[in-house]
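S.K.: Each residue of the sequence shown is one higher than the one before, counting from 13 in my numbering.
Virtual Cβ for every residue (Gly too), placed ideally from N, Cα, C.
Please read these numbers as outputs of a predicted model, since none were measured by experiment.
Handing you this structure, nothing more for now.
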Amino acid sequence: MDVYLPIANLSVNGLIIVCLGALTGVLSGMFGVGGGFLTTPLMIFYGIPPTVAAASAASQVTGASVSGVFAHTRRGGVDYQMGSVMVAGGIFGTGLGALLFNLLEQLGQIDTVINILYVVLLGSIGGLMARESIQAIRAERTGVPIAPRKRRHHPMVASLPMRWRFYRSGLYISPLAPLLLGISTGILTMLMGIGGGFILVPAMLYILGMSANVVVGTSLFQILFVTMATTMMHALTTHAVDIVLASLLLFGSVTGAQVGAQFAQKASPVKLRLILAVIVLLVAARMALGLGYRPDEIYTVAPL
Numbered sequence: 013m014d015v016y017l018p019i020a021n022l023s024v025n026g027l028i029i030v031c032l033g034a035l036t037g038v039l040s041g042m043f044g045v046g047g048g049f050l051t052t053p054l055m056i057f058y059g060i061p062p063t064v065a066a067a068s069a070a071s072q073v074t075g076a077s078v079s080g081v082f083a084h085t086r087r088g089g090v091d092y093q094m095g096s097v098m099v100a101g102g103i104f105g106t107g108l109g110a111l112l113f114n115l116l117e118q119l120g121q122i123d124t125v126i127n128i129l130y131v132v133l134l135g136s137i138g139g140l141m142a143r144e145s146i147q148a149i150r151a152e153r154t155g156v157p158i159a160p161r162k163r164r165h166h167p168m169v170a171s172l173p174m175r176w177r178f179y180r181s182g183l184y185i186s187p188l189a190p191l192l193l194g195i196s197t198g199i200l201t202m203l204m205g206i207g208g209g210f211i212l213v214p215a216m217l218y219i220l221g222m223s224a225n226v227v228v229g230t231s232l233f234q235i236l237f238v239t240m241a242t243t244m245m246h247a248l249t250t251h252a253v254d255i256v257l258a259s260l261l262l263f264g265s266v267t268g269a270q271v272g273a274q275f276a277q278k279a280s281p282v283k284l285r286l287i288l289a290v291i292v293l294l295v296a297a298r299m300a301l302g303l304g305y306r307p308d309e310i311y312t313v314a315p316l
């Protein structure tokens, strides 16, 4: 089933794109992550240009975040005050990211930068997740529990001026901290097409010190609006959003998320987290290999 992607300017097997979306949907349902950080690398491996892959993946993350926000809203798991500050920072960050995206595109380095960012971020996050998962598995086997971390914000956050009370999160901190966090996430979303949840959630827990029961919902709230802004920014400035590609991915991911959620109920959370860490590290290694590997034929001519 060949499908022509007008923005990517190539024909692909539509069933394979749907399956890629379904795979990331399964991972999303199993591990509670947005899946955007795997969607873009998988599309790049398949041959989609990195710029189109990153821009189109952001629109897929938008659609996948809507149902999650509604679910957490019903149980009171969203801090709208904190989320609004991060959304404001995220939208500003998408503007900065758009300028940086266009600059790198003019220099001819955008594809390389996207690949390097994925290698660094996925390698770092995957390594941390693997270490924590191995420690948790050892604690289960030995019967010696891991000492719980104290919920407190980073000392640099405590030193910022102009404090506000965020009642839902149980915090009294400066709004500059979540604003800067939102700006950083917005820039990464614009450049990489990720929702940012796999970076945002640990930062909200260990840097801002937010209450765990509102972290996921508030993260999804921020991701929803920032990826909407990112998609619009890409459509207006870089013109890299391929609506056909995004639609196929979204169709697959919605279906796959239901399968992943059912599987997650039967599996061990600690082992699932270790599996996710291995997947993330494998993707990072594959992208690192692509950066340094020199093909036998640098230029090829394929028949139309």
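Following the continuous beta strand (DSSP E) through Arg177, name the residue where it begins and the one where it ends.
M.R.: On the sequence shown, position 165 is the one that residue 177 refers to. That run of the beta strand (DSSP E) goes 176-178.
S.K.: Thinking C-beta only, is Ala289 closer than 7 Å to Val131?
M.R.: Position 119 of the sequence shown, counting from 1, holds the residue named residue 131. Position 277 of the sequence shown, counting from 1, holds the residue named residue 289. It is not a contact, given that the beta carbons lie outside the stated cut-off.
S.K.: Reducing DSSP to helix, strand and coil, say where Asp254 ends up.
M.R.: Along the sequence shown, one-based indexing puts residue 254 at 242. Looking at Asp254 - three-state DSSP - the assignment turns out to be coil, as it is neither helix nor strand.
S.K.: Could you check whether Ile146 and Asn169 sit closer than 7 Å to each other, using their CB atoms as the reference points?
M.R.: Within the sequence shown, residue 169 is the residue found at index 157, counting from 1. Within the sequence shown, residue 146 is the residue found at index 134, counting from 1. Here residue 169 turns out to be Val, not Asn, going by the sequence shown. The answer is no: Cβ separation not under 7 Å.
S.K.: For a test of the three-state rule: what should DSSP assign to Asn127, helix, strand or coil?
M.R.: Within the sequence shown, residue 127 is the residue found at index 115, counting from 1. Helix at Asn127.
S.K.: Kindly give me the distance between the Cβ atoms of Thr106 and Met202, rounded to whole angstroms, as I take these residues to be in contact under 8 Å.
M.R.: Taking the sequence shown and counting its residues from 1, the one referred to as residue 106 is at position 94. Taking the sequence shown and counting its residues from 1, the one referred to as residue 202 is at position 190. Thr106 to Met202, Cβ: 5 Å. Contact.
S.K.: Does Gly88 pass the burial test, meaning 16 or more other C-beta atoms within 10 Å, or should it be called exposed?
M.R.: By one-based count along the sequence shown, residue 88 stands at place 76. That one is exposed.
S.K.: Which first and last residues belong to the beta strand (DSSP E) in which Val24 is found?
M.R.: Taking the first residue of the sequence shown as position 1, residue 24 is located at position 12. That run of the beta strand (DSSP E) goes 22-25.
S.K.: Using the Cα positions of Leu54 and Leu183, report the straight-line distance between them to the nearest angstrom.
M.R.: Counting from one through the sequence shown, the residue named residue 54 turns up at place 42. Counting from one through the sequence shown, the residue named residue 183 turns up at place 171. Cα-Cα distance, rounded: 39 Å.
S.K.: May I ask you to report which of helix, strand or coil DSSP gives Leu116?
M.R.: The residue labelled residue 116 in the question sits at position 104 within the sequence shown. Leu116: helix per DSSP, three-state reduction.
S.K.: Tell me which residues share the same chain as Gly101 and place their Cβ nearer than 6 Å to its Cβ, disregarding the 5 neighbours each side in the sequence.
M.R.: Numbered from its first residue, the sequence shown carries residue 101 at position 89. Around Gly101: Leu191, Gly194, Ile195.
S.K.: So what's Val15 in DSSP terms, helix, strand or just coil?
M.R.: For the purposes of this step, residue 15 is taken as residue 3 along the sequence shown, with counting starting at 1. Val15 falls in the strand class under three-state DSSP.
S.K.: Quick check on Leu183: does DSSP put it in helix, strand or coil?
M.R.: Stepping through the sequence shown from its first residue, residue 183 is reached at position 171. Reduced to three states, the DSSP call for Leu183 is strand.
S.K.: Using a Cβ-Cβ cut-off of 7 Å (strictly less than) and excluding sequence neighbours within five positions of Tyr16, which residues of its own chain qualify?
M.R.: Numbered from its first residue, the sequence shown carries residue 16 at position 4. Ser23.
S.K.: Are there 16 or more other CB atoms within 10 angstroms of the CB of Leu134, so buried, or fewer, so exposed?
M.R.: Here residue 134 refers to the residue found at position 122 of the sequence shown. Counting Cβ neighbours within 10 Å, Leu134 comes out buried, since at least 16 surround it.
S.K.: If I measure Cβ to Cβ from Pro315 and keep anything under 6 Å in the same chain, skipping five residues before and after, which residues do I get?
M.R.: As a working note, residue 315 is residue 303 in the sequence shown. Unreliable placement is indicated for Pro315, whose pLDDT of 47 sits below 50; the coordinate value is still reported in the next sentence. Answer for Pro315: no residue qualifies.
S.K.: For Leu286, which residues from the same chain have a beta carbon less than 6 Å from its beta carbon, with the 5 sequence-adjacent residues on both sides left out?
M.R.: By one-based count along the sequence shown, residue 286 stands at place 274. Correct list, in chain order: Ser145.
S.K.: For Gly234, does the count of other Cβ atoms within 10 angstroms reach 16, so buried, or fall short, so exposed?
M.R.: Sequence index remark: in the sequence shown, residue 234 carries index 222 (1-based). Correcting the residue type first, residue 234 is Gln in the shown sequence and not Gly. Burial call: buried.
S.K.: By DSSP, does Ser223 sit in helix, in strand, or in coil?
M.R.: Mapped onto the sequence shown, residue 223 falls at position 211. Ser223: coil per DSSP, three-state reduction.
S.K.: Counting along the chain, where does the alpha helix (DSSP H) carrying Ala189 start and finish?
M.R.: Here residue 189 refers to the residue found at position 177 of the sequence shown. Per DSSP, Ala189 belongs to the alpha helix (DSSP H) from 188-204.
S.K.: If we count Cβ pairs, one from each stretch, closer than 8 Å, do we get three or more for the region 227-241 versus the region 93-100?
M.R.: Short answer: they touch.
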